[in-house]
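In our numbering, the protein residues as written are 5 to 551.
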């Protein structure tokens with residue numbers, strides 16, 4: 005009986021040991037499988053998903069140095085530069101030496117964090133492996149002379165627009181009293197397709213009506229709640245960016261392969277609007293399932309197309325290409341060459357007035373991340389690329405620029421505020437006046453509104469006050485001399501009027517518009533219509549009495 009009891013007691017122990025050993029092997033295989041799955045996601049460019057699996061392994065202390073290195077790389081590719089630097093530091097603390105590619109990523113991450121001295125240090129370390137790399141020497145020179153990119157900063161005003169969210173908003177283009185842009189914000193209702201690269205929704209094309217608020221400084225734009233632009237252009241995976249042409253009646257846009265059930269590559273499609281409805285009219289003949297073609301820009305006639313692609317045969321990374329429409333057929337894409345393209349990424353081209361090509365690059369020396377550059381088109385060649393500097397560029401990604409035909413206002417996209425893939429749209433004014441601004445001019449008057457310009461007379465010896473219409477306060481005073489010449493100081497941008505008092509002319513008000521852009525270089529002329537001025541003066545006097 006004792007033996008029987010002994011066997012009964014021992015049996016659970018043996019079973020327990022067997023189960024524990026088997027469980028450890030299963031868990032070990034599961035852990036190993038986790039990292040293998042993460043590696044596959046990493047190799048496929050699904051960095052957010054890979055990072056989450058790598059971090060889980062690291063938190064449970066079942067990681068290797070290779071896992072820490074891939075964590076650093078994931079952070080870098082996800083534009084999480086502070087985290088990338090920390091992970092690289094941890095990897096190197098274990099006496100591991102970075103390979104050249106990771107030294108480059110490490111240096112670039114420091115640039116994006118505005119840690120320029122550290123960036124230069126690691127660029128120089130990279131040069132030990134590749135001593136003849138001219139591009140790295142150029143990047144070092146740029147960081148040593150970064151102040152040059154701030155020289156024209158007062159000529160621009162850059163503002164985030166109101167419809168930005170915690171998701172990505174990018175690549176705004178003006179379209180019919182509004183803007184069309186891309187966003188991966190969550191849609192209301194329906195099943196959301198998730199992009200495994202970011203573990204976030206795919207991008208769709210939206211439209212927001214706009215209006216000008218003239219009561220605020222710089223004629224601030226007001227943006228209405230965005231709506232999906234058109235269901236034909238939007239599809240289950242990625243849609244955008246877009247480029248309109250032929251007075252907005254046609255569009256070329258990027259989209260995931262519309263004939264595939266999975267999101268693989270980006271391709272270009274053409275559409276036209278008829279009776280208020282968009283219709284797909286064709287696709288670019290050089291679309292492929294082996295590489296992406298995206299970021300289109302096209303001239304108004306619709307026969308010259310630029311885009312970005314990672315097709316083989318380029319300089320490396322993503323390059324810019326050109327294709328021309330002749331006799332109804334698009335030509336084979338032509339690489340824009342080494343003046344424009346580097347071995348890194350050139351993306352988001354924008355053709356402005358068929359004279360200047362803007363684009364973004366993380367290969368050409370800049371302030372960090374993607375910077376916006378421009379090059380002038382000279383027949384079939386390009387001028388030396390020029391960095392647009394601060395504040396259009398920042399230490400983070402800046403791209404997706406569009407500019408109005410007058411070269412005064414536009415939009416760009418940047419993640420300068422939050423980093424990562426939280427891209428926002430910014431509006432900007434170019435070549436604007438800086439303040440305080442001194443304006444010189446001449447005052448003249450004419451007897452009647454129907455008189456012609458030959459009857460203009462000098463308005464001499466009058467006193468004036470410059471009044472801010474918005475604040476209704478006097479900000480400057482002065483007088484005209486014998487020749488009618490005057491000088492007035494404008495303290496800041498606003499809407500203004502002049503209160504003029506003269507013995508011969510009387511007392512009254514005239515409007516006074518400040519030239520907004522520096523390109524105005526003429527002499528300012530204030531012309532008073534004497535008849536209207538007197539009545540205005542009387543009205544002003546009566547209003548003062550009422551007050």
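Glycine included, C-beta positions come from ideal geometry on N, C-alpha and C.
The model shown is predicted, which means the values in this text are computed figures rather than measured ones.
Let's see if you can read the secondary structure: which residues bound the alpha helix (DSSP H) around residue i?
i: residue 146; result: 138-148
i: residue 63; result: 51-63
i: residue 130; result: 120-133
i: residue 315; result: Here residue 315 belongs to no alpha helix (DSSP H), and DSSP marks it neither H nor E.
i: residue 375; result: Careful: residue 375 lies outside any alpha helix (DSSP H), inside the beta strand (DSSP E) at 375-382.
i: residue 91; result: 85-97
What are the start and end residues of the beta strand (DSSP E) that includes residue i?
i: residue 81; result: Run containing residue 81: none in the beta strand (DSSP E); it sits in the alpha helix (DSSP H), 69-81.
i: residue 532; result: 528-533
i: residue 114; result: Not the beta strand (DSSP E): residue 114 falls in the alpha helix (DSSP H), residues 104-116.
i: residue 195; result: Here residue 195 belongs to no beta strand (DSSP E), and DSSP marks it neither H nor E.
i: residue 491; result: 489-494
Could you check whether residue j and residue i sit closer than 7 Å to each other, using their CB atoms as the reference points?
i: residue 492; j: residue 462; result: no
i: residue 108; j: residue 92; result: no
i: residue 212; j: residue 167; result: yes
i: residue 111; j: residue 89; result: no
i: residue 104; j: residue 122; result: no
i: residue 53; j: residue 200; result: yes
i: residue 429; j: residue 176; result: yes
i: residue 238; j: residue 209; result: yes
i: residue 214; j: residue 252; result: no
i: residue 469; j: residue 481; result: yes
i: residue 467; j: residue 407; result: no
i: residue 293; j: residue 353; result: no
i: residue 377; j: residue 387; result: no
i: residue 116; j: residue 399; result: yes
i: residue 303; j: residue 355; result: yes
i: residue 157; j: residue 440; result: no
i: residue 55; j: residue 78; result: yes
i: residue 489; j: residue 446; result: yes
i: residue 405; j: residue 348; result: no
i: residue 472; j: residue 479; result: yes
i: residue 94; j: residue 124; result: no
i: residue 240; j: residue 197; result: yes
Distance check for residue j and residue i, CA to CA, integer angstroms please.
i: residue 514; j: residue 450; result: 13 Å
i: residue 497; j: residue 324; result: 39 Å
i: residue 76; j: residue 180; result: 44 Å
i: residue 270; j: residue 153; result: 34 Å
i: residue 189; j: residue 244; result: 14 Å
i: residue 391; j: residue 148; result: 15 Å
i: residue 29; j: residue 37; result: Note on residue 29: pLDDT 40, under 50, position unreliable in the model; the coordinate value appears next. Looking at the two C-alpha atoms, the distance is approximately 12 Å.
i: residue 83; j: residue 162; result: 22 Å
i: residue 326; j: residue 311; result: 7 Å
i: residue 250; j: residue 306; result: 7 Å
i: residue 409; j: residue 137; result: 39 Å
i: residue 273; j: residue 330; result: 18 Å
i: residue 483; j: residue 159; result: 30 Å
i: residue 69; j: residue 50; result: 20 Å
i: residue 328; j: residue 385; result: 15 Å
i: residue 232; j: residue 226; result: 18 Å
i: residue 127; j: residue 343; result: 22 Å
i: residue 26; j: residue 66; result: At residue 26, the pLDDT of 40 sits below 50, so the modelled position is not reliable; the number obtained from the coordinates is stated separately. Approximately 18 Å between the Cα atoms of the pair.
i: residue 143; j: residue 290; result: 34 Å
i: residue 282; j: residue 64; result: 53 Å
i: residue 401; j: residue 417; result: 8 Å
i: residue 247; j: residue 207; result: 16 Å
i: residue 35; j: residue 99; result: Residue placement at residue 35 cannot be trusted, given a pLDDT of 49 that sits under 50; the coordinates are not used to answer.
i: residue 279; j: residue 309; result: 26 Å
Here's the rule: buried if 16 or more other CB atoms are within 10 angstroms of the residue's CB, otherwise exposed. What is residue i?
i: residue 146; result: buried
i: residue 351; result: buried
i: residue 532; result: buried
i: residue 346; result: buried
i: residue 229; result: exposed
i: residue 433; result: buried
i: residue 431; result: buried
i: residue 393; result: buried
i: residue 584; result: A question about residue 584 goes unanswered here, because the residues of the chain that appear run from 5 up to 551.
i: residue 31; result: With a pLDDT of 43 at residue 31, under the threshold of 50, the predicted position of this residue should be treated as unreliable, and no value is reported.
i: residue 530; result: buried
i: residue 527; result: exposed
i: residue 3; result: Outside the displayed range of the chain (5 to 551) lies residue 3, so it cannot be described from this structure.
i: residue 258; result: buried
i: residue 517; result: exposed
Inset, instruction - Indicate whether the contact test is met: 3 or more Cβ pairs, each with one atom in the segment 369-379 and one in the segment 306-321, closer than 8 Å. - result: no
Legend entry - Contact between the segment 150-170 and the segment 418-429 (3+ Cβ pairs under 8 Å): yes
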